[in-house]
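Student:
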Amino acid sequence: MPISKGLTYKKEAKPMKFLKKSKLSKNYDKFGWLFTIPSIVIIGSFVFYPMIQAFITSLKSGMGNNLRFVGIANYARLFTDNIFQKSVVNTLIYLVVQVPIMILLALFISVLLNDKNLKWKAFFRTAIFLPCVTSLVAYSVIFKSLFSNDGLMNKILLNLHLLNTPIEWITSPFWAKITIIIAITWRWTGYNMIFYLAGLQNIDPSIYEAAKIDGATSVKQFFSITVPLLKPIILFTTVMSTTGTLQLFDEVMNITKGGPGNATTTISQYIYNLSFKYTPNFGYAAAVSYTIVIMIVVLSLIQFKVAGDDK
Amino acid sequence: MKTKKLIAIALTVVMTLSIAGCTKKSKESTTTDTTSKKLVIWAWDGTFNVVAAKEAKAIYEKENAGVDVQIVEMAQDDIVQKLNTNLSSNTTEGLPNIVLIEDYRVQNFLTSYPDSFKDMSSKIKAADFMDYKLKSDSSNGKLYGVPFDSGVAALFYRTDLLKQAGYEKSDMENITWEKFIEIGKAVKAKTGKAMLTMDPNDLGILRIMMQSAGQWYVKEDGTTVNLENNEALKEGIKVYKQLMESGIVKQISDWDQFVGAFQKGEVASVPTGCWISSSIIKATDQSGKWAVAAIPKLGAVKSSVNASNIGGASWYVLDKVGDSELASDFLAKTFGTNKDLMNTLADKINLTSTLKASSTTENYQKSVEFYGGQKILQDLSKWTSEIPSVNYGLYTYTIEDILTGTVQSIVKDGADISTALKDAQKQAEAAAIN
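Line by line, the protein sequences give chains A and B.
The first sequence begins at -15 in our numbering and counts up one residue at a time.
The second sequence begins at 3 in our numbering and counts up one residue at a time.
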């Protein structure tokens, strides 16, 4: 039958083609695998294996090395743990207040510094970026002494007669949070600014010229041209800032140590306390760390959905 | 372009050399060689514990040639963190032979990592030491720690400022906390100085009040949470609230500010452990202006006495690190029995030792000029023998973190003490289930 003949013909041809293709592709395949196997092994053993181990640990509980399997009891405990709930609330407060302020500030500064006619541009950019390369602990310690009850901040504000009594920057539950937010903003604004500056270079200045001719004010230009065109970069920095803030630890540990009565404790600091300060319960600490994972995944998904639908 | 190339090459060479230098350094310092008789000791506080370790080192090295003792000063939190990390991962690399551990924490370590510490019951005699120390240093009937300093609480105060406010030394003897607040208000009014410093994150003063009445965050068994019906704690929080509302407190947030406050003369008194003396006497311009009185007691609690404890630590040998026999011999011959060492340290750092024999030594009978000629070590020793014995149990820092929130809500938001403590009890019980 003609069909089967055609088939058999094709079948015969296939092995030939197959062989020819496979020799080349086999080579490509072989080298491809050779190049990727080391990185797969390394990522697998240093990232995925610990992740799985951590999850298994989160199903155990006990003091120090006396861990025994308890199933999801650790996760159930999260719902009744007041300190955990407080740390989540604190972390979310930092997230909701600090990230938008910092993104807006970074956008604003980057637009200012993108001005062609501005002198000393390199100096300003370096100066604003420099905080990012400082050691987290070093600048936290300095902030602690600057914002202490008789530190420089209070002295300046008192001398300028903006205050009558010194603000308890670190020993008041409310002001301690503000101090942390100021510290983080100071440090990371420059980092985000650099991303926006890079993005701004890609915007054709003729768009701005056209807008100017049409009579748009700088504010209108900012919101109608700059922000929409920078959307992918803003999304990227927002996701990065969110993940960073959710894992906040160094500033809180060094400036307020968790703040007056757990007022500034973050989830990461709670994990540290559970592992090293209290009777070490590594199982429960692992469970708390998985909540951060879940939060990051959820928030990132939301952010991608809201802002990334251009594709 | 040529210069750029040169600079690039130069930088690469420098970087490679420095990396090579780094690895070389780390190789030299990680081995605790059992053959070359080396001991490593970890301790915190360069003015107190480290000085003591150095004196012990001098004595031991003189008698035992060929032994090299290295003392490493590290913050207490770092020591705890490193111990927990290494012990939980069952590695001994980078661990010291001997480590100083605070009494409040020790039960955690002894229960979490059994077999990691060396049993010292056969090397030192328990009867040589003050009773209250033996409770925290032992586990399952075995003595693991060599008791070191007494954290006996005392009221250090400025006699000149008190005099300005109209109070003599006799007025400060065996007072209650209520009277203390009254005196503080007078001091603030007449001298403008605060009476004491307080750190909202540190409930040390509550610990002093509780132990003065023989109570703690847990009951005698060390595991049952005791917050709700703890009379001493309730009264202590009431006093704490009064202190914060009286305007006689200078708020601080870390150790440096704490020490700076009294060294700069900004507070009139320091009610804390005797180990603060080494920091007080550093302000040499205030010599002769200080005196030491017994710690105030809780007026409303009948079992409260004018003696309590805050802090205090003991030396422990890590069993699986290097030569533990040599390490335990070191401790036994120095902190375990050596009266002369205690005598030297009494003079150098005002150490109130928990070795019973030390109170008979020469320096303990001396009058100290800084404290206006007062024989402070005699007084501190006497108070140490009166400290009510308490089982610190396993959850001190866990419960305290819960309580800082509770106390904040009581002091700042005016929450009802009984309800707040009831809530804290529930939280602590949940956290204590392990």
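By construction, the Cβ of each residue, glycine as well, lies at the ideal position given by its N, Cα and C atoms.
Could you check which residue in B/F182, B/M344, B/V303 has the C-alpha nearest to that of B/A270?
Tutor: For the purposes of this step, residue 270 of chain B is taken as residue 268 along the second sequence, with counting starting at 1. The shortest Cα separation from B/A270 among B/F182, B/M344, B/V303 belongs to B/F182.
Student: What are the start and end residues of the beta strand (DSSP E) that includes B/Q72?
Tutor: By 1-based counting over the second sequence, the position of residue 72 of chain B is 70. It spans 70 to 75 - the beta strand (DSSP E) in which B/Q72 sits, taken as one unbroken run.
Student: What does a CB cutoff of less than 6 Å around B/E170 pick up in its chain, not counting 5 residues either side in sequence?
Tutor: The residue given as residue 170 of chain B occupies position 168 in the second sequence. None.
Student: Any beta carbon from chain A within less than 7 Å of B/V241's own beta carbon?
Tutor: Looking up residue 241 of chain B in the second sequence gives position 239. No, B/V241 lies away from the interface with chain A (no Cβ there is under 7 Å from its Cβ).
Student: Could you tell me the distance, in whole angstroms, from the CA atom of B/V251 to the CA atom of B/S420?
Tutor: Within the second sequence, numbered from 1, the residue matching residue 251 of chain B stands at position 249. Within the second sequence, numbered from 1, the residue matching residue 420 of chain B stands at position 418. Whole-angstrom Cα-Cα distance: 25 Å.
Student: With H, G and I counted as helix, E and B as strand and the rest as coil, what does DSSP make of B/M211?
Tutor: Counting from one through the second sequence, the residue named residue 211 of chain B turns up at place 209. Helix, per DSSP.
Student: Once you ignore the five residues that flank B/T161 on each side, which residues in its own chain have a CB closer than 8 Å to its CB?
Tutor: By one-based count along the second sequence, residue 161 of chain B stands at place 159. Correct list, in chain order: K171, K291, W292, A293, G374.
Student: What's the gap between the Cα of A/L76 and the Cα of A/L230?
Tutor: In the first sequence, residue 76 of chain A corresponds to position 92, counting from 1. In the first sequence, residue 230 of chain A corresponds to position 246, counting from 1. In a straight line, the C-alpha of A/L76 is about 8 Å away from that of A/L230.
Student: Taking A/I276 as the reference, which of A/Q37, A/I21, A/G28, A/S71 has the closest Cα?
Tutor: Mapped onto the first sequence, residue 276 of chain A falls at position 292. It is A/S71.
Student: Under 8 Å Cβ to Cβ from A/A182, same chain only, skipping five residues before and after it: list those, please.
Tutor: Mapped onto the first sequence, residue 182 of chain A falls at position 198. Same-chain partners within the cutoff: I217.
Student: Helix or strand or just coil, what does DSSP make of B/T32?
Tutor: As a working mapping, residue 32 of chain B is identified with position 30 in the second sequence. Caution applies to B/T32, whose pLDDT of 45 falls short of 50 and renders its modelled position unreliable; the value that the coordinates give is listed next. DSSP places B/T32 in helix when its eight states are reduced to three.
Student: Verify the CB distance criterion: does A/T64 have a CB-CB separation below 7 Å to chain B?
Tutor: Position 80 of the first sequence, counted from the first residue, corresponds to residue 64 of chain A. So yes, A/T64 belongs to the interface.
Student: Does the stretch 383 to 393 of chain B come within contact of the stretch 404 to 411 of chain B, defined as at least 3 CB pairs closer than 8 Å?
Tutor: They do not touch, by the three-pair rule.
Student: Would a check of beta-carbon distances place B/G407 closer than 7 Å to chain A?
Tutor: Translated into positions along the second sequence, residue 407 of chain B becomes position 405. It does; some Cβ of chain A falls within 7 Å.
Student: Does the stretch 147 to 164 of chain A come close enough to the stretch 207 to 216 of chain A that 3 or more CB-CB pairs lie under 8 Å?
Tutor: Flag = no, the stretch 207 to 216 of chain A and the stretch 147 to 164 of chain A do not touch.
Student: Per the DSSP calculation, B/I103 is bridged to which residue(s)?
Tutor: On the second sequence, residue 103 of chain B is found 101 positions in, with the first residue counted as 1. Answer is B/S316.
Student: Write down every uninterrupted run of the alpha helix (DSSP H) in the stretch 116 to 190 of chain A whose length is 4 residues or greater and which is fully enclosed by it, in chain order.
Tutor: Segments of the alpha helix (DSSP H) lying fully in the stretch 116 to 190 of chain A: 120 to 130, 136 to 143, 157 to 185.
Student: Which class does A/F296 belong to by DSSP, given the choice of helix, strand or coil?
Tutor: Here chain A comprises residues numbered -15 to 295, so residue 296 of chain A is not present and cannot be evaluated.
Student: Taking just the CA atoms, how far does B/L300 sit from A/I286?
Tutor: Numbered from 1 along the first sequence, position 302 holds the residue referred to as residue 286 of chain A. Numbered from 1 along the second sequence, position 298 holds the residue referred to as residue 300 of chain B. Distance between the alpha carbons of A/I286 and B/L300 is about 56 Å.
Student: Contact defined as beta carbons within less than 8 Å: I believe A/Y123 pairs with A/L232. What is the distance between those atoms, to the nearest angstrom?
Tutor: Locating residue 123 of chain A in the first sequence gives position 139, where the first residue counts as 1. Locating residue 232 of chain A in the first sequence gives position 248, where the first residue counts as 1. With a Cβ gap of about 14 Å, A/Y123 and A/L232 do not count as contacting.
Student: Using a Cβ cut-off of 8 Å, which residues of the stretch 244 to 271 of chain A contact any Cβ in chain B, in chain order?
Tutor: Answer in chain order: P244, G245, N246, A247, N257, S259, F260, K261, Y262, T263, P264, N265, F266.
Student: If B/P116 sits next to B/I43, beta carbons under 8 Å apart, how far is it from one beta carbon to the other, in whole angstroms?
Tutor: On the second sequence, residue 116 of chain B is found 114 positions in, with the first residue counted as 1. On the second sequence, residue 43 of chain B is found 41 positions in, with the first residue counted as 1. Not a contact, Cβ separation roughly 23 Å.
Student: Which term fits A/Q185, buried or exposed, when burial requires 16 or more other beta carbons within 10 angstroms of its beta carbon?
Tutor: As a working mapping, residue 185 of chain A is identified with position 201 in the first sequence. Classification of A/Q185: exposed, given that the 10 Å Cβ count is below 16.
Student: Could you check the C-alpha separation between B/E268 and B/D201 for me, to the nearest Å?
Tutor: Start at 1 with the first residue of the second sequence, and residue 268 of chain B comes out as number 266. Start at 1 with the first residue of the second sequence, and residue 201 of chain B comes out as number 199. Between B/E268 and B/D201, the C-alpha separation is close to 15 Å.
Student: Can you check whether the C-beta of A/G48 is within less than 7 Å of a C-beta belonging to chain B?
Tutor: Counting from one through the first sequence, the residue named residue 48 of chain A turns up at place 64. It does; some Cβ of chain B falls within 7 Å.
Student: Along the chain, where does the alpha helix (DSSP H) that runs through B/Q244 open and close?
Tutor: Against the second sequence, residue 244 of chain B aligns to sequence position 242. Element bounds for B/Q244: 233 to 247.
Student: Comparing alpha-carbon positions, which option in B/A359, B/Q429, B/L396 lies nearest B/R107?
Tutor: For the purposes of this step, residue 107 of chain B is taken as the residue at position 105 of the second sequence. Residue B/L396 is the option with its Cα nearest to B/R107.
Student: Along the beta strand (DSSP E) that carries B/L198, what are the first and last residues, could you check?
Tutor: Start at 1 with the first residue of the second sequence, and residue 198 of chain B comes out as number 196. Per DSSP, B/L198 belongs to the beta strand (DSSP E) from 198 to 200.
Student: Under the DSSP definition of a beta bridge, which residues are partnered with B/W437?
Tutor: Not covered by the structure: residue 437 of chain B. The range shown for chain B is 3 to 436.
Student: B/I404 touches chain A at which residues, Cβ-Cβ below 9 Å?
Tutor: For the purposes of this step, residue 404 of chain B is identified with residue 402 of the second sequence, where counting begins at 1. Simply N66, I67, N246.
Student: Taking all protein chains shown into account, do 16 or more other C-beta atoms lie within 10 angstroms of the C-beta of A/G35, making it buried, or fewer, making it exposed?
Tutor: Stepping through the first sequence from its first residue, residue 35 of chain A is reached at position 51. Going by the sequence as given, residue 35 of chain A is Met instead of Gly. Result: exposed.
Student: For a contact defined as C-beta to C-beta under 9 Å, what are the partners of A/N143 on chain B?
Tutor: For the purposes of this step, residue 143 of chain A is taken as residue 159 along the first sequence, with counting starting at 1. Going along chain B, no residue has its Cβ under 9 Å from A/N143, so there is no contact; the nearest lies around 20 Å.
Student: State yes or no: is the beta carbon of A/K44 nearer than 7 Å to at least one beta carbon in chain B?
Tutor: Position 60 of the first sequence, counted from the start, is the residue given in the question as residue 44 of chain A. Answer no: the Cβ-Cβ gap between A/K44 and chain B never drops below 7 Å.
Student: Checking contacts by CB at 7 Å: is A/I164 closer than that to chain B?
Tutor: The count along the first sequence starts at 1 and reaches residue 164 of chain A at position 180. Not one chain B Cβ lies under 7 Å of A/I164.
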